[in-house]
């Protein structure tokens, strides 16, 4: 008699006689559960990881949105069109791109750069071997110094300008469209809000224009 909890089936043996075979149902159920767990557990883990990744990405998006919302419409950046940009007649193109984006021109002047100003502007690069050549390049011809104002203008301004190396700049950026060599990359843009404040004070010690444009067609509120 088979043990309690077993299921008996009759199979035909090699000699043609019927043979009773007992199947241990608890063991079978356990094996089935183990198989199902082996299949389902990885799927549940993947779903959990995907859920956590989505939650983290959503949190990062919310953080970025929050930071963008907190950006001031009066953020400013310093943009300088270098001697090669001026000589090639790109001043209007640069101004057009910033204005079409919706940024407000707060200051503009064309000038020959004193050597002392060039050295102070690039003082953070003074330990680099290319520093003397960079300063000589900036004083080699007139530049156009400008200040632009608007929400996120420092970061967005850098995107409009393009990567330092023109060959790495995206098409559509100023450097991506108008230059090839890093030593003749047409334009300078502040890389942070703090450096923008320092550069604006350096290049415009006399202050900026005080007139304000109508911005209701640029900002929602």
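Residue numbers (this note's numbering): -13 to 207.
Cβ coordinates follow ideal geometry from the N, Cα and C atoms, glycine included.
Since we're looking at a predicted model, the values are computed, not measured.
So, at 8 Å on beta carbons, what are the nonlocal neighbours of residue i in its own chain, with the 5 sequence-adjacent residues on each side left out?
i: residue 79; result: 160, 164
i: residue 111; result: 117, 120
Write down the C-beta distance between residue i and residue j rounded to the nearest angstrom, noting that I regard them as a contact closer than 8 Å.
i: residue 92; j: residue 134; result: 7 Å
i: residue 172; j: residue 68; result: 6 Å
i: residue 178; j: residue 62; result: About 12 Å; that fails the 8 Å criterion.
If we ignore side chains and look at the alpha-carbon of each, how far apart do residue i and residue j end up?
i: residue 99; j: residue 153; result: 27 Å
i: residue 195; j: residue 186; result: 13 Å
i: residue 189; j: residue 76; result: 20 Å
i: residue 83; j: residue 146; result: 8 Å
i: residue 125; j: residue 39; result: 51 Å
i: residue 140; j: residue 28; result: 46 Å
i: residue 168; j: residue 197; result: 36 Å
i: residue 102; j: residue 122; result: 11 Å
i: residue 138; j: residue 155; result: 20 Å
i: residue 34; j: residue 22; result: 18 Å
i: residue 36; j: residue 162; result: 37 Å
i: residue 81; j: residue 206; result: 23 Å
i: residue 74; j: residue 191; result: 28 Å
Cα-Cα, which of the options is closest to residue i?
i: residue 129; options: 72, 35, 199, 64; result: 72
i: residue 149; options: 170, 17, 138; result: 170
i: residue 89; options: 104, 143, 67; result: 143
i: residue 204; options: 29, 25, 60; result: 60
i: residue 132; options: 111, 15, 96, 17; result: 96
i: residue 127; options: 35, 200, 70, 25; result: 70
i: residue 107; options: 21, 175, 34, 17; result: 175
i: residue 58; options: 35, 136, 191; result: 136
i: residue 104; options: 81, 25, 66; result: 66
i: residue 64; options: 109, 20, 202, 94; result: 94
i: residue 166; options: 151, 15, 25; result: 151
So, helix, strand or coil for residue i, using DSSP?
i: residue 159; result: strand
i: residue 34; result: helix
i: residue 67; result: strand
i: residue 134; result: strand
i: residue 175; result: strand
i: residue 213; result: Residue coverage of the chain in this structure runs from -13 to 207, which leaves residue 213 outside it and unanswerable.
i: residue 92; result: strand
i: residue 204; result: coil
i: residue 140; result: helix
i: residue 147; result: helix
Tell me which residues share the same chain as residue i and place their Cβ nearer than 6 Å to its Cβ, disregarding the 5 neighbours each side in the sequence.
i: residue 193; result: none
Can you find the residues in the same chain that come closer than 7 Å, C-beta to C-beta, to residue i, ignoring five residues on each side of it along the sequence?
i: residue 199; result: 90
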